[in-house]
Structure formats: structure tokens, C-alpha cells
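Engineer: There's a structure below that I have some questions on.
4 protein chains.
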Amino acid sequence: MATGTVLETVSADDARRIIDAAAAKAAEIGQPMDIAVVDAGGNLKAHLRMDGANIGSIPISINKAYTAIAFQCQTGDLQKNTRPDGPIYGLNDAHGGRLVVFPGGIPLVRDGKIMGAIGVSTGTIEQDQEVAEAGASAY
Amino acid sequence: MATGTVLETVSADDARRIIDAAAAKAAEIGQPMDIAVVDAGGNLKAHLRMDGANIGSIPISINKAYTAIAFQCQTGDLQKNTRPDGPIYGLNDAHGGRLVVFPGGIPLVRDGKIMGAIGVSTGTIEQDQEVAEAGASAY
Amino acid sequence: MATGTVLETVSADDARRIIDAAAAKAAEIGQPMDIAVVDAGGNLKAHLRMDGANIGSIPISINKAYTAIAFQCQTGDLQKNTRPDGPIYGLNDAHGGRLVVFPGGIPLVRDGKIMGAIGVSTGTIEQDQEVAEAGASAY
Amino acid sequence: MATGTVLETVSADDARRIIDAAAAKAAEIGQPMDIAVVDAGGNLKAHLRMDGANIGSIPISINKAYTAIAFQCQTGDLQKNTRPDGPIYGLNDAHGGRLVVFPGGIPLVRDGKIMGAIGVSTGTIEQDQEVAEAGASAY
Numbered sequence: 001m002a003t004g005t006v007l008e009t010v011s012a013d014d015a016r017r018i019i020d021a022a023a024a025k026a027a028e029i030g031q032p033m034d035i036a037v038v039d040a041g042g043n044l045k046a047h048l049r050m051d052g053a054n055i056g057s058i059p060i061s062i063n064k065a066y067t068a069i070a071f072q073c074q075t076g077d078l079q080k081n082t083r084p085d086g087p088i089y090g091l092n093d094a095h096g097g098r099l100v101v102f103p104g105g106i107p108l109v110r111d112g113k114i115m116g117a118i119g120v121s122t123g124t125i126e127q128d129q130e131v132a133e134a135g136a137s138a139y
Numbered sequence: 001m002a003t004g005t006v007l008e009t010v011s012a013d014d015a016r017r018i019i020d021a022a023a024a025k026a027a028e029i030g031q032p033m034d035i036a037v038v039d040a041g042g043n044l045k046a047h048l049r050m051d052g053a054n055i056g057s058i059p060i061s062i063n064k065a066y067t068a069i070a071f072q073c074q075t076g077d078l079q080k081n082t083r084p085d086g087p088i089y090g091l092n093d094a095h096g097g098r099l100v101v102f103p104g105g106i107p108l109v110r111d112g113k114i115m116g117a118i119g120v121s122t123g124t125i126e127q128d129q130e131v132a133e134a135g136a137s138a139y
Numbered sequence: 001m002a003t004g005t006v007l008e009t010v011s012a013d014d015a016r017r018i019i020d021a022a023a024a025k026a027a028e029i030g031q032p033m034d035i036a037v038v039d040a041g042g043n044l045k046a047h048l049r050m051d052g053a054n055i056g057s058i059p060i061s062i063n064k065a066y067t068a069i070a071f072q073c074q075t076g077d078l079q080k081n082t083r084p085d086g087p088i089y090g091l092n093d094a095h096g097g098r099l100v101v102f103p104g105g106i107p108l109v110r111d112g113k114i115m116g117a118i119g120v121s122t123g124t125i126e127q128d129q130e131v132a133e134a135g136a137s138a139y
Numbered sequence: 001m002a003t004g005t006v007l008e009t010v011s012a013d014d015a016r017r018i019i020d021a022a023a024a025k026a027a028e029i030g031q032p033m034d035i036a037v038v039d040a041g042g043n044l045k046a047h048l049r050m051d052g053a054n055i056g057s058i059p060i061s062i063n064k065a066y067t068a069i070a071f072q073c074q075t076g077d078l079q080k081n082t083r084p085d086g087p088i089y090g091l092n093d094a095h096g097g098r099l100v101v102f103p104g105g106i107p108l109v110r111d112g113k114i115m116g117a118i119g120v121s122t123g124t125i126e127q128d129q130e131v132a133e134a135g136a137s138a139y
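Following this line, the structure appears as C-alpha cells:
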């Protein structure tokens, strides 16, 4: 039986750089944030709760990043279809409380492959998305 | 390695006084309540289920207090934005079943810092909020 | 009703410095680690999974830090008493799966008060403890 | 369909008196405690975390009281039989993390019926038991 080591996708250096870029944007707009980065398997790689950011946004930021991996899309893309009149209404009730269906979660893509994701939470959804985009741009 | 003791925010005396004030208001309006107080970290400090209050409101009262810590606001402030047509619809599905997005949870503030929170449940949301306010006023 | 903001204990800068010191020690001994820092309330402040560290150690590192807050001690201090012949055998089954009763979790103490905690996991317990101590020393 | 109200067993006044008696004993021995009282259905009636008591003992105290109801005995009575060489080894793994199998949980009995239970945690098991007995004696 061959032994092996874990397959790394987003590296610790990547995660650090992505979080720093997101935090810089958050500071620029004056809105402290929870920022999470997960790898291609949806598992947490790094997290930072900026001073003043929400405690409740710890799981929300991590779950936004997870959701972006889980459904291969931005979390905001799930919003319309999961509303009460949408075709997959109830999706976010069907996964044990881990799915987020509003903006702030973005896949990290390289050569057409999703290598990880970033999730951002505490601000308005527009702010969360802007900060997530700033982080994703650093990948 | 230096040893230390837990950092107290809301004290046991504070919690007792807050619960007594809330329970007095609840008795005055004739609506028994579950009343919970959590500290700044969202951890339970004290709880009382008045005679006649709901068993199902044990976690609701505790989670209302937690939510007020987690999002640095009154739980009622989350109601509009989490409705089916709101921008963060689905928030309360994304946190493992611990968030309450209707009135009855209020932060306990001292010198501009949230030191704890009270959560009240069993009555109508107007009653829950009124009793929570009576408790918070005793802090 | 006065509004307020979250009470910060371990700051984001503290958490970053603690994680960097722990990661430097981990690199020095050649053992990649999951490293988590929580605040005084036991809520996640920052996390880093170094390249090669265990995915399974994400919750273990976070839960080690939580346990150090929860019981006001190093996690290793719980080991002897929770063994099969110990007086509190079963403790770690009685808290919903969040307690870790072996080394690697250490409180962060300032002026006699526990302001946060670090948790480290992936290596042997001796390595986890050594890296956690290196991190705690940077506080 | 007849309507009804909840069947009360341990009253709020009982719970308050029991907690006060337990807290007085805890203060006397110089060991702050988490103290919980549940009703005959095992549902939380009241809780107090004394200043300096463990955050981790919030669920432990509540679960001790629950366990005393759940198995109609003192929690300490479960200790021997649930050890690795005992006949019901594994019991505490079989209930979703809610059972405590060491001292500190005691049923509250009236006229031969278990009307509720008290659970105490943070000290040694001898201290927890002594404080629980002081509380139970006030019923």
C-alpha cells in the first residue's frame, strides 16, 4: 500500500495573500470582516476575524467559501433560485445548516479549475462581495 | 506559562438583576417567559424559565441572546433583511440552527462595548421585546 | 437603547503574530500544523492550515483552543483525569464533541486574565504542545 | 380538543431556592460553579454560572441534571458501570454527547417521584457532588 501526503490546492501562502488583499479592501471601505479561505475540497485553509467583525460571521464566512466549492459558483448565484418562488427553494435547509445563498463567496480559479474559494461576511452583501472579489483577485 | 482565570464580562449579580427585572415585567403583563443572559462571548451566564413558559423557548431565548452578540444588534434588526425578499434571506439557515431573526434579543452595552445580551421568548414578539428591554434597562 | 460594538480581547494583530510564531516553530521542527487562535469567549479569531497539515486537525486545533478557554487550563492538564480510570472519565463525551483532552491547547494570559487561547494539531502531542507554546510566547 | 398549559414540576421558585443554596455552598468552599436545574422532563428550568466558573461547564452542568432525569439516578451511580471494563461501557457515546457519567448530578425527589434534577460542574467531582447535595437539600 503506497503512502502519500495530502494534495494541496490553495497553498498557505496563497491563503495568506488572499486574506491580506481582502482585509486591505475591507479597511479601505471601513468595514471589518470575517474572511475565510477553503481549498478545493471545501476544507478550511485560513481564517481571519478582523477587529470589530461579527462573531456570527465566523461560520457564515467559512460556509460561504464552502458553498462556492460545493456548488461550483458564486454564492450570490444561488440567491434567486432559492427564494420562496424559485425552483430550488429549500436548498439551504437541506444541507445541515452549511449553505449560504447570498453574495460574498467566490471560487478561486486557475487554468479553468476551482482550486479553492473565499468567503466574506459582516458587511452588507455588496460590501461582502466587493471584499471577496478583492481577495479572489489576489489569487 | 502563566496561568489565569476566565475574563468575566456580565457578572452573576448583573445577570440575576437583569433576569429579575425582566421577570417582573413579564409578571406585570401576565406572560410567563424564558429569559436568558449571555456574556460578551455569547456563552450562557444565567437562565430562568418562568412557570408556564415554553419548553421550546429554552433554546430560542438562549439563541436570541447569542444572536445579539453574534451580529452586534438587536435580533429584531435582522428581521426585514432576512425575509424571503430580503438581501440576506437564508442567513438563519447558514449557521447550524443558532440564529434567531425576530425580536426579543438585545445587547447589553456599557461604555460603547457589548458586554453581554438578553434573550426572551414565549410571548408575542412585541411582548418578548418589551420584557427584554425591561431586562436590558436593569444593566 | 444604546448601541455598542463587540468587545475585542485577542486582537487580529495578536492572532497573526501568535500564528506566525507557531508556524515558524512548526517549520523549524519540520512538522506542518493546523493552528487556531480563539478569543476570551472561545470564538475563532484566526486559523491557518500549513501546507501538509491534516484536514482532520482543522476542528481539533479549533477545539483545543476552545477547550483551553472552556476549562481555564491547558488541554494536556485534562488528560490524566479523563482517562478510563480517572475521576472525570467521560468528560469529552459530555459536551457535544467539542472537547480535546490531550496536549496542544494553551490559554493566552494577560494580567492574570485568560484573553484567548491557541490550539495546535497534526503532529505528535509533544510537537503540538511545543508549537503551541511557541505561539503563546508571542502573546 | 381541550387546550392546556404545560405541566410544571419543579417551579421557578424551587429552582431559584435550589440554585441559591448550591451557590451558597460553592461560595463557602471557595469554588465557583455552574449550577443547572431541570424539570421532570429533563428540560432546563434555571441556570447560573457563578463568576469564575467554567464556560465548558455550562453544558456539563445542564447535562448532569439531564442525565439524572434520564436514568433516574445520581450521575455518580453511572461511573463504575460505564468504565471500559463495565457492562454498559460506551453508554455515554450513545446519546449524542448529552450524558455525564461522573458525580455532580442528583434527582430532586418528592413523595417518591423524581420532579427534577440539579447538575453542578467546575470543581472536583467531590466538590461538584457536595454542592449538588446542598442544592438538592433545599428542595
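Residue numbers (our numbering), protein chains in the order written: chain A, 1 to 139; chain B, 1 to 139; chain C, 1 to 139; chain D, 1 to 139.
We put the beta carbon where it would ideally sit given N, CA and C, even for glycine.
Note that the structure is a prediction, hence the values are computed from the model and not measured.
(1) Under three-state DSSP, which class holds THR67(B)?
(2) At least one CB of chain D closer than 8 Å to the CB of LYS45(B): is that the case?
(3) State yes or no: is the beta carbon of ASP51(A) nearer than 8 Å to at least one beta carbon in chain B?
(4) With a CB to CB cut of under 8 Å and the five nearest residues on each side skipped, what residues in its chain are close to GLN79(D)?
(5) Pull up the distance between the alpha-carbon of ALA132(C) and that of ILE35(B), whole angstroms please.
(6) Against chain B, with Cβ distances strictly below 8 Å, would VAL100(C) count as a contact?
(7) From LEU99(C) to GLU28(B), what distance separates their C-alpha atoms?
(8) Spell out a yes or no on whether the segment 4-22 of chain D and the segment 85-95 of chain C are touching, meaning 3 or more CB-CB pairs, one atom from each, closer than 8 Å.
(9) For a test of the three-state rule: what should DSSP assign to VAL100(B), helix, strand or coil?
(10) Quick check on DSSP: helix, strand or coil for THR75(D)?
(11) Near LEU44(B), which residues of its chain fall below 7 Å by C-beta distance, leaving aside the five closest residues on each side in sequence?
(12) Where do the ends of the alpha helix (DSSP H) carrying ALA24(B) lie?
(13) Do ILE18(C) and GLY135(C) have their beta-carbon atoms positioned less than 8 Å apart in this structure?
(14) Closer than 7 Å between beta carbons: that is the criterion. Which residues of the segment 5-18 of chain C meet it against chain A?
(15) Between which two residues does the beta strand (DSSP E) containing VAL141(C) stretch?
(16) Could you give the first and the last residue of the continuous beta strand (DSSP E) run that contains ALA46(D)?
(17) If the cut is a Cβ gap below 8 Å, which residues of chain B does ILE125(A) touch?
(18) Around the C-beta of TYR89(D), are 16 or more other C-beta atoms found within 10 angstroms, so that it is buried, or is it exposed?
(19) For ILE35(C), list the residues DSSP reports as bridge partners.
(20) Just reading off the beta strand (DSSP E) that ILE88(D) is part of, what are its end residues?
(21) Tell me whether GLN72(A) is buried or exposed, calling it buried when 16 or more other Cβ atoms sit within 10 Å of its Cβ.
(22) So which residues on chain C does ASP39(B) lean against when the C-beta distance must stay under 8 Å?
(23) What three-state label does DSSP hand LYS113(A) in the structure shown?
(24) Are ALA12(D) and ALA46(D) closer than 8 Å when you measure CB to CB?
(25) Considering only C-alpha positions, which residue in the set GLY76(B), LYS25(B), TYR139(B), ILE125(B) is nearest to SER57(B)?
(26) Out of GLY41(B), ILE69(B), ALA68(B), ALA22(B), state which residue places its alpha-carbon closest to the alpha-carbon of GLU48(B).
(27) Beta-carbon within less than 7 Å of GLY116(B)'s beta-carbon, same chain only, minus the 5 sequence neighbours each way: which residues are those?
(28) Buried or exposed: GLY105(D), going by 16 or more other Cβ atoms within 10 Å of its Cβ?
(29) Quick one: list the residues of chain C neighbouring THR3(B), beta-carbon separation under 7 Å, in chain order.
(30) I want to see whether chain D comes within less than 8 Å of PRO150(C), judged by CB atoms only; does it?
(31) Listed from N- to C-terminal order along the chain, which residues in the segment 54-81 of chain B have their beta-carbon within a distance smaller than 7 Å of any beta-carbon of chain D?
(32) Going by CA-CA distance only, name the one from ASN92(A), SER121(A), LYS64(A) that's closest to GLY42(A).
(33) Run through the DSSP bridge pairs and tell me what ILE106(C) is partnered with.
(34) Note down, in chain order, all residues in the segment 24-37 of chain B with a beta-carbon under 9 Å from any beta-carbon belonging to chain C.
(35) Under the rule that 16 or more other beta-carbon atoms within 10 Å means buried, what is ARG110(D), buried or exposed?
(36) Between ASP14(B) and PRO32(B), which are expected to be in contact by the criterion C-beta below 8 Å, what is the C-beta distance as a whole number of angstroms?
Structural biologist: By the coordinates alone:
(1) helix
(2) yes
(3) no
(4) VAL101, PHE102, PRO103
(5) 39 Å
(6) no
(7) For LEU99(C) and GLU28(B), the distance between alpha carbons rounds to 42 Å.
(8) no
(9) DSSP, reduced to helix, strand and coil, places VAL100(B) outside both helices and strands of the structure shown, so it counts as coil.
(10) helix
(11) ALA36, VAL38, ILE62
(12) 12-29
(13) yes
(14) THR5, VAL6, GLU8, SER11, ALA12
(15) Any question about residue 141(C) goes unanswered here, given that chain C covers just 1 to 139.
(16) 44-49
(17) Under the 8 Å cutoff, chain B gives PRO87, ILE88.
(18) exposed
(19) LEU48(C), VAL120(C)
(20) Looking at the DSSP string, ILE88(D) is not in any beta strand (DSSP E), and its letter there is neither H nor E.
(21) exposed
(22) GLY41
(23) strand
(24) With respect to ALA46(D), ALA12(D) sits close: the two C-beta atoms are nearer than 8 Å.
(25) ILE125(B)
(26) With the sequence shown as reference, residue 48(B) is identified as Leu, and Glu is not the correct amino acid for it. It is ALA22(B).
(27) Close CB contacts of GLY116(B) within its chain, under the 7 Å cut and outside five residues either way in sequence, are with THR9, VAL10, VAL37, VAL38, ASP39, ALA40, LYS45, LEU108 (chain order).
(28) A residue is called buried once 16 or more other Cβ atoms fall within 10 Å of its Cβ, and GLY105(D) is buried on that count.
(29) VAL109
(30) As displayed, chain C neither begins before 1 nor continues past 139, which places residue 150(C) out of reach and without an answer.
(31) ILE55, ILE58
(32) LYS64(A)
(33) ILE118(C)
(34) Cβ contacts with chain C come from no residue of the segment 24-37 of chain B.
(35) Counting the other CB atoms within 10 Å of its CB gives ARG110(D) a total below 16, which places it among the exposed residues.
(36) With 8 Å as the limit, ASP14(B) and PRO32(B) do not qualify as a contact, their Cβ atoms being about 23 Å apart.
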